[in-house]
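In my numbering, the protein residues as written are 12 to 273.
Ideal Cβ positions, reconstructed from N, Cα and C, are used throughout, including at glycine.
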């Protein structure tokens, strides 16, 4: 559901949906409460409610901060890994210049096929949260086959050959990490704490009595807006390859690899 929302709505639209929805729910809730229990505005139990609300807000804030930091680090790690995989792929192309023209062409062609399948076929699946390793299995096998079928003739070729084979192993590792990152999401328990905590936090603000209706609305609406935006941030960062903040395949189209997209 989260991935579908990110892929079908802009961040601005989701902000209106989550933030605006939370604000409307808060405003409606406090108006209904004041109409049903007019004496509540006197704030008779504000001392006790203030303590409870403060403790709950502190605990929920710590949980939310932990989740956001962890997800932000995960997004940065996914971006770094994609850039690393693209850089290693480009290195294989550069090293191929040390081989005879026929072998260089075979290496370059195999890399081109791999890069195109990653960006054109595998990336949309990753964006939908269902990465399929089998999509690029053939291309990875072909890359290895190109080197397995070649016997270096000179010392320089041997050096670059060994370096290229080693780099292929690093590419395979980065590919596995990329596919794993595309499936990452918050554990169920943390989802319950984040979203369930928001459902409890918002009604708690209704219990704090304030005589001025305007002040009361400002209080609950500001808390609701903060909660809504925080939930949007958690949702956005939870899926690094979906939505407006998604990790881009641009590194596979830059530098040495740009020649494959002309």
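**Rounded C-alpha distance that separates residue 22 from residue 34** = 17 Å
**Prompt:** Are the region 244-262 and the region 134-154 touching, with three or more C-beta to C-beta distances below 8 Å?
**Reply:** yes
**Request:** Going by CA-CA distance only, name the one from 193, 57, 171 and 67 that's closest to residue 133.
**Result:** Out of 193, 57, 171 and 67, 193 has the C-alpha closest to the C-alpha of residue 133.
**Message:** On the DSSP letters alone, give me the boundaries of the alpha helix (DSSP H) that residue 213 sits inside.
**Reply:** 208-217
**Message:** I need the straight-line Cα distance from residue 214 to residue 240, nearest angstrom please.
**Reply:** The straight-line gap from Cα to Cα measures roughly 17 Å.
**Prompt:** residue 276: which of 175, 168 and 122 sits nearest, CA to CA?
**Reply:** Residue 276 lies beyond the range of the chain shown here (12 to 273); nothing can be said about it.
**Message:** Rounded to the nearest angstrom, what separates residue 267 and residue 182 at their Cα positions?
**Reply:** 16 Å
**Prompt:** Alpha carbon to alpha carbon, what distance is there between residue 191 and residue 260?
**Reply:** 16 Å
**Asked** To the nearest angstrom, how far is it from the Cα of residue 19 to the Cα of residue 164?
**Response** 54 Å
**7 Å Cβ shell around residue 142 - same chain, five flanking residues per side excluded** = 133, 136, 190, 193 and 194
**Asked** Which first and last residues belong to the alpha helix (DSSP H) in which residue 176 is found?
**Response** 166-192
**Prompt:** If you drop the 5 nearest sequence neighbours on each side, which residues of the same chain put their C-beta closer than 7 Å to that of residue 102?
**Reply:** 178
**Request:** Return the CA-CA distance between residue 81 and residue 87, expressed in angstroms with no decimal places.
**Result:** In this structure, the CA atom of residue 81 is about 10 Å from the CA atom of residue 87.
**Message:** What does the alpha-carbon distance come out to for the pair residue 60 and residue 236?
**Reply:** 21 Å
**Counted within 10 angstroms of its Cβ, other Cβ atoms place residue 114 as buried (16 or more) or exposed** = buried
**Prompt:** Is DSSP giving residue 273 helix, strand or coil here?
**Reply:** Residue 273 falls in the coil class under three-state DSSP.
**Request:** List the endpoints of the continuous alpha helix (DSSP H) containing residue 259.
**Result:** Premise fails: residue 259 is in no alpha helix (DSSP H) and is neither H nor E.
**Item:** Reference residue 271; option with closest CA among 73, 44 and 97
**Value:** 97
**Prompt:** Do residue 154 and residue 74 have their CB atoms nearer than 8 Å?
**Reply:** no
**Neighbourhood of residue 25 by C-beta, 6 Å cutoff - its chain only, sequence neighbours within 5 removed** = Excluding residues within five positions, the ones whose Cβ falls inside 6 Å are 243.
**Prompt:** Helix, strand or coil for residue 197 per DSSP?
**Reply:** coil
**Request:** Assess, as a yes-or-no matter, whether the region 105-113 is touched by the region 213-229 under the definition of 3 or more beta carbon pairs within less than 8 Å.
**Result:** no
**Message:** Quick check on DSSP: helix, strand or coil for residue 7?
**Reply:** Nothing about residue 7 can be reported from this structure: the residues present for the chain run from 12 to 273 only.
**Message:** By the DSSP assignment, the alpha helix (DSSP H) with residue 125 in it spans what residues?
**Reply:** 112-127
**Asked** Do residue 231 and residue 37 come within 8 Å of each other at the CB atom, strictly closer than that value?
**Response** yes
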